[in-house]
Amino acid sequence: MMANRLGSAGWAELERGLGLGAADYITARVYADDQTIGICSACADALGQPLPDFFFDFGVYWVEFAASGPYRGVMQSTGTTLAEMLANLDRMHNTIRQAMPQAQTPLFALVEDRGDSLIIDYRSPREGLEPLVSGLLTGLLDYFGEQGSVTRLQEHDGRRFHIQLGRGQA
Ligand code: HEM
1 MMANRLGSAG WAELERGLGL GAADYITARV YADDQTIGIC SACADALGQP
51 LPDFFFDFGV YWVEFAASGP YRGVMQSTGT TLAEMLANLD RMHNTIRQAM
101 PQAQTPLFAL VEDRGDSLII DYRSPREGLE PLVSGLLTGL LDYFGEQGSV
151 TRLQEHDGRR FHIQLGRGQA
């Protein structure tokens with residue numbers, strides 16, 4: 001995502017500044033939260049974005065990446081509709097954790113499914129990742145070819161999200 005946005009030279013410069021190199025990107029390695037947040041903050045600064053906006057964009061990007069890369073099969077087997085995917089997120093993360101036991105994955109609960117209106121609760125000991133969730137849910141709308149909107153609600157400590165599907169609407 002950063003190489004796309006900054007260009008490969010810009011990303012290489014940022015990597016140098018962060019002291020990162022190819023050997024630091026190891027699939028299935030779990031990184032300390034402080035390190036991850038430090039890298040995200042530097043990326044947000046380099047893009048001139050507030051960190052929450054960066055998290056949102058990264059969430060949208062992650063779904064596209066997962067769906068088109070090595071996690072494609074995992075995405076496909078998690079759900080064939082948005083509601084099914086949301087209901088199965090915990091099962092999917094549990095499966096991933098078998099391969100990455102140190103990963104800390106969040107919990108989601110699809111608390112309401114009225115067809116075109118979905119409410120989902122998010123739980124995690126981590127703070128401040130709600131914009132990432134909004135971005136991921138927005139990415140999932142795109143993934144399923146759905147029109148619609150994602151709104152973060154005040155209820156449930158601001159960790160409840162409403163997805164309004166606008167099927168057939170412009
Ligand atoms: C195949 C696709 C996916 C894979 C392989 C995957 C895997 C993971 C892993 C390993 C972590 C833990 C990171 C750590 O502890 O270092 C994580 C975190 C997370 N995942 Fe997924 N995930 C996928 C899709 C999704 C989707 C579609 C959502 C949609 C809501 C989602 C929501 C999250 C969130 C919000 C976190 C942040 C951790 C937190 O809130 O504490 N993931 N995921």
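According to the UniProt record's numbering, the sequence shown is numbered sequentially starting from 1. We treat Cβ as the ideally placed atom computed from N, Cα and C, and that holds for glycine. Every value quoted in this text rests on a predicted model; they were computed, and no experiment measured them.
Do residue j and residue i count as a contact pair if the criterion is CB distance below 8 Å?
i      : j      : result
Arg126 : Asp33  : yes
Glu15  : Gly7   : no
Phe144 : Thr151 : no
Ser124 : Pro106 : yes
Leu110 : Ala67  : no
Ala44  : Phe54  : yes
Tyr122 : Arg91  : no
Asn88  : Thr80  : no
Ile39  : Leu18  : yes
Note down, in chain order, each residue of its chain lying with its Cβ closer than 7 Å to the Cβ of residue i, except the 5 sequence neighbours on either side.
i      : result
Gly148 : Leu141, Ile163, Gln164, Leu165 and Gly166
Trp11  : Met2 and Ala3
Enumerate in chain order the residues of its own chain whose CB-to-CB distance from residue i is below 8 Å, with the five nearest sequence positions on each side excluded.
i     : result
Gly59 : Pro131, Leu132, Val133, Ser134, Gly135, Leu136, Leu137, Thr138 and Gly139
Ile96 : Val74, Ala103 and Thr105
Ala28 : Ala99 and Met100
Gln49 : Asp57
At a Cβ threshold of 8 Å, is residue i touching chain B?
i     : result
Ala83 : Absence of chain B from the displayed structure is noted, only one protein chain being present.
Which residues does DSSP list as the beta-bridge partners of residue i?
i      : result
Ile120 : Leu110 and Phe161
Ile152 : The residue you asked about is not Ile; residue 152 is Arg in the sequence shown. DSSP lists Phe161 as partners of Arg152.
Just checking my contact of residue i with residue j at CB under 8 Å: how many whole Å lie between their CB atoms?
i      : j     : result
Phe108 : Leu86 : 6 Å
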